[in-house]
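With numbering that gives the first Met the number 0 as the guide, the letters of the sequence shown map in order to residues 0 to 479.
Please read the structure below before turning to the comments.
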Amino acid sequence: METRSARRRRLSAQGGAGGGLDRIGGLHDDLLIQILGRLRCAAAAARTSALCRRWRGSGLWKHLPELSFRDIAHGAIEAALAQVALSKLSLLDIEITDRVPAEAVASLLRAAARLDPADLSFVVSWVVQTDEMVPIEVPSFPRATSITLRLHKLHLALPAQGGEFPALERLSITSGRFDTGVLVSRCPHLRVLELIHCWGIETMTVHSATIEELLVISGKLRGVDIMTPMLKKFTLHSDVSVDFGMSLLAPEVENLSWKCWSHGEFLLPGEALAVGIDGIWRLVRLELGTGRSGFTLSLDIGRSYCVLQERNLQEMFPFPKISILELNLDTRGHVYGGVVLNLLSIWNGIQRLKLVIDRDMLKDEACPPNCPCDQPQNWRSQNISLMGLEVLEIKNFKGSGHEVDFLKLLFRCAPLTKVTVKLAPNVVTYSRGCKDVLKVFRANPSADCHVYNRRGTEVILLSSNKNVIYGCASTRCSRT
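Laid out in structure tokens, this is it:
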């Protein structure tokens with residue numbers, strides 16, 4: 000009678016408990032490498048050696064053209080890279096979430112460069128650094144067409160000699176510090192460049208004859224210098240300093256997305272310096288986007304008590320031709336006609352204008368006599384050419400005398416075809432301001448005009464025996 004241990008030995012010799020051949024172990028190495036490559040993990044590929052005696056010690060994972068190391072200690076990764084049998088990899092993906100000394104990051108980069116990957120992704124979530132910010136040298140990757148570096152606040156540097164990236168087409172760097180001008184100059188075929196939360200860079204310099212897409216997300220910038228004749232898409236999200244300036248030479252650009260805010264700079268405790276517009280107003284936020292109708296510019300400006308450094312927005316930003324202008328005004332009860340008229344004189348080719356007054360609905364202040372907000376004093380009688388402006392929308396209209404004057408000015412300067420006024424929550428339909436608006440609309444019958452109360456119900460203008468009656472659309476009355 001066959002003992003249990005003898006039966007195990009016999010089945011093992013036959014290749015399995017089923018008595019069949021060891022079909023997995025009998026596969027050709029090239030096919031096995033393709034199978035292991037689909038695991039997308041070098042550690043998992045190495046663990047498959049437990050499945051077959053033939054695989055033990057063969058180290059098939061060392062021959063994989065694509066290697067991925069995630070959530071593995073940095074020392075184990077460097078030891079594994081030293082065992083790789085191939086001299087050129089298709090993909091090398093490294094992601095470390097533990098704390099890693101800066102010198103270990105530099106050593107890992109050198110080990111990665113020896114394998115000359117065509118696609119490199121190198122992510123270190125937490126870098127332990129000494130007090131001195133010693134730059135980490137980035138070696139050359141001659142075959143790399145795509146490189147992604149996410150290095151926790153590391154100071155990166157390129158060697159004085161070499162350090163070229165002759166095949167690189169896509170580069171993404173997050174949370175690093177480096178000289179953008181030198182880096183871009185080492186990438187003669189770069190098409191896509193992403194710089195995300197890179198620190199310690201006051202002026203972003205990008206001069207390239209090949210870049211087509213540029214993404215810059217930064218904490219704070221003092222300047223942007225771009226000379227890219229092939230650039231098609233440019234995205235900029237950043238806090239900007241009071242002396243910010245942008246030079247943009249990109250004649251082929253079609254898609255722009257800018258989100259810039261100005262938090263100001265502290266001079267003394269309790270005293271800040273901010274970007275000033277038209278005397279008493281402060282630039283808070285600027286957004287520029289590309290839409291179906293062209294470029295849309297959105298500005299947040301507010302009454303400010305900071306120390307203001309007067310700036311010309313056109314000197315700060317090289318604006319394209321604007322089709323739609325949206326202004327969010329934090330007026331706090333002050334006159335805004337003068338500053339809006341000044342901005343309209345800059346972008347006098349707009350087709351649509353939207354004004355949002357006091358979006359946060361802060362409490363109005365008492366505007367003192369001769370307040371500088373009502374400057375220039377002759378703004379009500381000025382005439383500027385706004386021949387492209389056809390659509391106007393005003394939200395949170397309070398019906399003040401200066402607001403009605405501004406509405407009259409726009410009807411005088413622009414061929415408006417559609418006007419929508421949405422009343423502020425505290426304005427009732429029978430108030431003088433609402434009646435004045437309806438009179439202005441009645442005086443301009445060629446325009447399609449609408450007034451809505453705080454509930455979104457349209458306020459209508461009826462005429463009966465030459466007596467003007469005011470009501471709401473909910474009364475089912477018809478407009479005459």
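We put the beta carbon where it would ideally sit given N, CA and C, even for glycine.
Given the structure is predicted, the values throughout are model-derived calculations rather than measurements.
Residue range of the unbroken beta strand (DSSP E) whose run includes residue i
i: D373; result: No beta strand (DSSP E) contains D373, which DSSP labels as neither H nor E.
i: Q308; result: V306 to E309
i: M226; result: E212 to M226
i: G290; result: W280 to G290
i: L119; result: D118 to V127
i: A156; result: S145 to A156
i: L167; result: Taken as a continuous stretch (DSSP letters only), L167 belongs to no beta strand (DSSP E), as it is neither H nor E.
i: S322; result: I321 to D329
i: I195; result: V191 to I195
First through last residue of the alpha helix (DSSP H) which encompasses residue i
i: V439; result: R431 to R441
i: D404; result: G400 to C412
i: T179; result: T179 to S184
i: I200; result: Premise fails: I200 is in no alpha helix (DSSP H) and is neither H nor E.
i: I345; result: G336 to I345
i: L66; result: Premise fails: L66 lies in the beta strand (DSSP E), E65 to R69, not in any alpha helix (DSSP H).
i: Q82; result: H73 to Q82
i: Q313; result: L312 to M315
Proximity to residue i [Cα-Cα], best of the options
i: C259; options: T295, S246 and I216; result: I216
i: G263; options: L189, L85 and E309; result: E309
i: S297; options: S303, L307 and L312; result: L312
i: V306; options: R281, L388, H151 and H73; result: R281
i: G218; options: E211, T202 and I225; result: T202
i: L182; options: E211, G222, S139 and R149; result: S139
i: S106; options: L90, N327 and I135; result: I135
i: R190; options: V283, F396, P228 and I321; result: P228
i: T234; options: L247, V241, D242 and P100; result: L247
i: L352; options: E392, R453, D363 and H151; result: E392
i: K231; options: R169, H333, V239 and P250; result: P250
i: L480; options: E314, K421, H333 and W346; result: This structure cannot speak to residue 480, because the chain is shown only from 0 to 479.
i: G275; options: N254, M315, E253 and L287; result: M315
i: K87; options: R142, V127, S384 and S261; result: R142
i: V123; options: P116, E102 and A117; result: E102
i: S399; options: L287, G332, S344 and Y451; result: G332
i: I321; options: N369, C186, L388 and V436; result: L388
i: G180; options: T144, V223 and H236; result: V223
i: S174; options: A159, H196, Q160 and C186; result: H196
i: A84; options: K61, N369, D92 and E364; result: K61
i: G199; options: E212, R149, L153 and F318; result: L153
i: V283; options: T295, D299 and G293; result: D299
i: V390; options: A75, A365 and S292; result: S292
i: L63; options: D70, A72, H73 and D92; result: D92
i: I95; options: S89, A75, A81 and Q82; result: A75
i: L537; options: S89, S207 and D97; result: Given that the chain is displayed from residue 0 to residue 479, the structure contains no residue 537 and the question cannot be resolved.
i: S344; options: H206, C412 and D329; result: C412
i: T289; options: G301, A271 and W257; result: W257
i: S207; options: C448, E193, C186 and A78; result: C186
i: Q128; options: P424, V99 and A156; result: V99
i: A156; options: S184, R176 and P424; result: R176
i: F396; options: F243, A365, S430 and L148; result: S430
i: C448; options: V420, K434 and R454; result: V420
Integer-rounded CB distance, given that residue j should sit under 8 Å from residue i
i: N382; j: F410; result: Contact doesn't hold; Cβ gap of about 12 Å is too wide.
i: L108; j: I146; result: Not confirmed; about 11 Å, so no contact.
i: I279; j: S303; result: 7 Å
i: E168; j: T144; result: 5 Å
i: M245; j: P317; result: 6 Å
i: A273; j: V241; result: 7 Å
i: L385; j: P319; result: That belief does not hold up - the Cβ atoms of L385 and P319 are roughly 18 Å apart, past 8 Å.
For residue i, the residue or residues it bridges with in DSSP
i: V99; result: V126
i: Y451; result: K421 and E457
i: L247; result: I225
i: H236; result: I216 and K258
i: A273; result: L307
i: G293; result: G290
i: R351; result: I323 and V390
i: D363; result: D363 pairs with nothing; no bridge assigned.
i: D299; result: R284 and N327
i: R176; result: H154
i: D92; result: S67 and S120
i: E264; result: L272
i: E136; result: A156
i: I356; result: L328
Interface flag, residue i vs chain D, CB-CB below 9 Å
i: S240; result: The structure shown has no chain D; it contains just one protein chain.
Quiz item: Three or more beta-carbon pairs under 8 Å between the stretch 369-378 and the stretch 414-426, yes or no?
Solution: no
Exercise. Count the C-beta pairs between the stretch 160-175 and the stretch 103-115 that are closer than 8 Å, then say yes if the count reaches three, no if not.
Key: no
Quiz item: If we count Cβ pairs, one from each stretch, closer than 8 Å, do we get three or more for the stretch 400-407 versus the stretch 333-352?
Solution: yes
Practice problem: Flag this pair as touching only if the stretch 424-442 and the stretch 364-371 have three or more C-beta atom pairs under 8 Å; answer yes or no. | Solution: no
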